[in-house]
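*Asks:* Chains as they are written, first to last, in numbering that gives the first Met the number 0: chain D, 0 to 193; chain P, 0 to 193.
Virtual Cβ for every residue (Gly too), placed ideally from N, Cα, C.
Here you go, one structure.
Number of protein chains: 2
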Amino acid sequence: MSSKEKILSAAIVLFAQKGYSGLSMRQLALAVNLSVAAIYHHFPDKNTLYLEAVRFAFLDKAQAFDQVWKSDCSAEEKLARFIRSFINVMLEDRDFHRLMQREILEADPERMQLLAQGVFTSQFCLLMQLATELAPEQDAHLLATSVIGLAKYYIEYQPLLKYFPGWKPEHEMPEVIAAHITTLLLNSFKAKTA
Amino acid sequence: MSSKEKILSAAIVLFAQKGYSGLSMRQLALAVNLSVAAIYHHFPDKNTLYLEAVRFAFLDKAQAFDQVWKSDCSAEEKLARFIRSFINVMLEDRDFHRLMQREILEADPERMQLLAQGVFTSQFCLLMQLATELAPEQDAHLLATSVIGLAKYYIEYQPLLKYFPGWKPEHEMPEVIAAHITTLLLNSFKAKTA
DNA sequence: ATGACCTTACTGAACGTTTGTTAGGTATCT
DNA sequence: AGATACCTAACAAACGTTCAGTAAGGTCAT
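What follows is the structure in structure tokens.
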């Protein structure tokens, strides 16, 4: 792994943990065993480094779901698989997930647009297509948002949820969460068409 | 309004916008037209000020939903009203919402526990009770989480969602979002009991 | 093969600015 | 006289960034 890649990987983790202004160039340099000036040799300034780190992190995430869309099974099964994959990816790579949370919180409209169009649009479209198949008479955009919203909330608020009464350890298991969300959605679709 | 309250209100807005390390004591002092030392007269250090600002922001939010729970109507209607209130409160006070996002992202387990038990537990319990009424055979904790998750995602990701294809201006209207979420959930409950 | 030369990847030390925090002093009110 | 609410000015430390220099490796004419 080249020095530049090493810097970017470390930056992803540390920016996700501490935020943009919470991480100093000296801390990052220490983490990758380089001098501060060495980082400035690879990146013109802190802001560019941050942007490149975000881009680097988001680059290969979209491919994780491709096998879900390629598989030829029923729409119901596809939805179930997508939810499972989504939760798995997000739980596996928490640094990526935190960085994404940070971007949603702090990015300006321009960066937001870049994020949407560059990374997530294709996934969102496929999900909307699936939604139309499952519940043709409903708004696909709203439905797709609901699917992701349900899944994301369980991951994002996991550290808070465990302090609420009624919490059980199984509520942190990907399969349990995915199963609950899937049946919730599929039940809703069934009721609508009935 | 006393100087201390003025400092806290400004701190809520500015911490929500820039984050803990993104806001300097000088910037805050400038915003409230006081010297830096004046802030230190009211608060021992930056960290304590931040904690008190968070506490101050969360203090009166819980009361906003009380009228929902007190009203005597059907469980279905209560769910609809809670979702409406929740979305309205979060959309109205975006600073509060951003601060909450920040806390979920950055707080240590101890602060997380404080946040859960001190502010949200009572609301969550009432929601779980309602969930049990509507769908007795399902896990109340998972259901209550789903309700909040659906509502929160629409607010949190509003700046991103508008860049996805299929977006319409009405997707940002509280009534539309609330109606969609409510029917989604109620349909699901109906299917289960049928 | 060799010395001259360029590029690449880095280092240590310093630049000026901003940071959180404090010391010491001054009005105002009880 | 003492407490309260504030000020200016300063502190050391940390900040992003830059500059001058070095060691290594490849390229080229001689």
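Let me know the alpha helix (DSSP H) ranges lying completely inside the segment 0-39 of chain P, each 4 residues or longer, listed in chain order.
*Replies:* Correct list: 2-17, 24-30.
*Asks:* Going by DSSP, what residue range makes up the alpha helix (DSSP H) through D/H96?
*Replies:* Working through the first sequence from its first residue, we reach residue 96 of chain D at position 97. Note, D/H96: alpha helix (DSSP H), 93-105.
*Asks:* For P/M0, count neighbouring Cβ atoms within 10 angstroms of its own Cβ and tell me buried if that reaches 16, exposed if not.
*Replies:* For the purposes of this step, residue 0 of chain P is identified with residue 1 of the second sequence, where counting begins at 1. P/M0 should be labelled exposed.
*Asks:* For P/K151, does the count of other Cβ atoms within 10 angstroms reach 16, so buried, or fall short, so exposed?
*Replies:* To locate residue 151 of chain P, count along the second sequence from 1; it is residue 152. So P/K151 ends up on the buried side.
*Asks:* Would you mind telling me which residues of chain P sit closer than 9 Å to D/I147, beta carbon to beta carbon, in chain order?
*Replies:* Numbered from 1 along the first sequence, position 148 holds the residue referred to as residue 147 of chain D. Those within 9 Å of D/I147 in chain P are Y152, Y156.
*Asks:* Do D/I11 and D/I38 count as a contact pair if the criterion is CB distance below 8 Å?
*Replies:* Counting from 1 along the first sequence, the entry for residue 38 of chain D is found at position 39. Counting from 1 along the first sequence, the entry for residue 11 of chain D is found at position 12. Taking 8 Å as the Cβ cut-off, D/I38 and D/I11 do not qualify as a contacting pair.
*Asks:* So which residues on chain D does P/P168 lean against when the C-beta distance must stay under 7 Å?
*Replies:* What you label residue 168 of chain P is simply residue 169 of the second sequence in a count that begins at 1. Ordered by position in chain D, no residue passes the 7 Å Cβ test against P/P168, which lies about 12 Å from the chain.
*Asks:* Using a Cβ-Cβ cutoff of less than 8 Å, which residues in the same chain neighbour D/I154 once the five nearest sequence positions on both sides are dropped?
*Replies:* If you number the first sequence from 1, residue 154 of chain D lands on position 155. Excluding sequence neighbours, D/I154 sits near I86, M89, L90, H96.
*Asks:* If the cut-off is 7 Å on Cβ atoms, which residues from the segment 15-44 of chain P count as contacting chain D, listed in chain order?
*Replies:* Taking 7 Å as the Cβ-Cβ cut-off against chain D, the residues of the segment 15-44 of chain P that qualify are G18, S20, G21.
*Asks:* How big is the Cα-Cα spacing for P/K69 and P/F123?
*Replies:* Numbered from its first residue, the second sequence carries residue 69 of chain P at position 70. Numbered from its first residue, the second sequence carries residue 123 of chain P at position 124. Taking the straight line joining both Cα atoms gives about 15 Å.
*Asks:* How would you write the range of the alpha helix (DSSP H) that P/L160 sits in, first residue to last?
*Replies:* As a first step, residue 160 of chain P is located in the second sequence; it is residue number 161 there, counting from the start. 157-160 is the extent of the alpha helix (DSSP H) around P/L160.
*Asks:* Thinking C-beta only, is D/L149 closer than 8 Å to D/I180?
*Replies:* As a first step, residue 180 of chain D is located in the first sequence; it is residue number 181 there, counting from the start. As a first step, residue 149 of chain D is located in the first sequence; it is residue number 150 there, counting from the start. Closer than 8 Å, so yes.
*Asks:* Out of P/G117, P/P108, P/Q116, P/K77, which has the shortest C-alpha to C-alpha gap to P/L129?
*Replies:* Taking the first residue of the second sequence as position 1, residue 129 of chain P is located at position 130. The shortest C-alpha separation from P/L129 is found at P/K77.
*Asks:* Could you run through the segment 116-133 of chain D and flag, in chain order, every residue whose CB is less than 8 Å away from some CB of chain P?
*Replies:* Residues passing the 8 Å Cβ filter: Q116, F119, T120, F123, C124, M127.
*Asks:* Work out the CA separation of D/S84 and D/K45 for me, nearest whole Å.
*Replies:* Reading the first sequence from its first residue, position 46 is the one you call residue 45 of chain D. Reading the first sequence from its first residue, position 85 is the one you call residue 84 of chain D. Going by the C-alpha atoms only, they are around 33 Å apart.
*Asks:* Could one say the Cβ of P/P135 lies closer than 8 Å to chain D's Cβ atoms, at least one of them?
*Replies:* Locating residue 135 of chain P in the second sequence gives position 136, where the first residue counts as 1. False, the Cβ-Cβ gap to chain D never drops below 8 Å.
*Asks:* Tell me which same chain residues have a C-beta within less than 8 Å of the C-beta of P/S121, skipping the five on either side of it?
*Replies:* As a working mapping, residue 121 of chain P is identified with position 122 in the second sequence. Around P/S121: A61.
*Asks:* Between the alpha carbons of D/A178 and P/S187, how many angstroms are there, rounded?
*Replies:* Residue mapping note: residue 178 of chain D aligns to position 179 of the first sequence, counting from 1. Residue mapping note: residue 187 of chain P aligns to position 188 of the second sequence, counting from 1. Their backbone Cα atoms lie some 14 Å apart in a straight line.
*Asks:* Starting from P/Q122, follow the alpha helix (DSSP H) in both directions and report where the run begins and ends.
*Replies:* To locate residue 122 of chain P, count along the second sequence from 1; it is residue 123. Start and end: 120-133.
*Asks:* Below 8 Å between beta carbons is the criterion; list the residues of the segment 52-79 of chain D that meet it against any residue of chain P, in chain order.
*Replies:* Going along the segment 52-79 of chain D in chain order, one finds no residue with a Cβ nearer than 8 Å to chain P.
*Asks:* Inspect the CB distances between the segment 17-34 of chain D and the segment 19-31 of chain P and report whether three or more fall short of 8 Å.
*Replies:* A contact exists between the segment 17-34 of chain D and the segment 19-31 of chain P.
*Asks:* What is the C-beta distance between P/L126 and P/F81, in whole angstroms, given that I count them as a contact (C-beta under 8 Å)?
*Replies:* As a first step, residue 126 of chain P is located in the second sequence; it is residue number 127 there, counting from the start. As a first step, residue 81 of chain P is located in the second sequence; it is residue number 82 there, counting from the start. With 8 Å as the limit, P/L126 and P/F81 qualify as a contact, their Cβ atoms being about 7 Å apart.
*Asks:* Counting only beta-carbon separations shorter than 8 Å, does D/K189 have a partner in chain P?
*Replies:* Here residue 189 of chain D refers to the residue found at position 190 of the first sequence. Yes, its Cβ sits closer than 8 Å to a Cβ of chain P.
*Asks:* Under 7 Å Cβ to Cβ from P/A52, same chain only, skipping five residues before and after it: list those, please.
*Replies:* For the purposes of this step, residue 52 of chain P is taken as the residue at position 53 of the second sequence. Within the same chain, P/A52 has close Cβ partners L7, A10, I11, F14.
*Asks:* Does the beta carbon of P/H96 sit closer than 8 Å to a beta carbon anywhere in chain D?
*Replies:* Here residue 96 of chain P refers to the residue found at position 97 when the second sequence is read from its first residue. No, because no Cβ of chain D sits closer than 8 Å to the Cβ of P/H96.
*Asks:* Tell me which residues of the segment 81-105 of chain D have at least one Cβ-Cβ distance to chain P shorter than 8 Å, keeping chain order.
*Replies:* Answer set for the segment 81-105 of chain D: R97, Q100, R101, I103, L104, E105.
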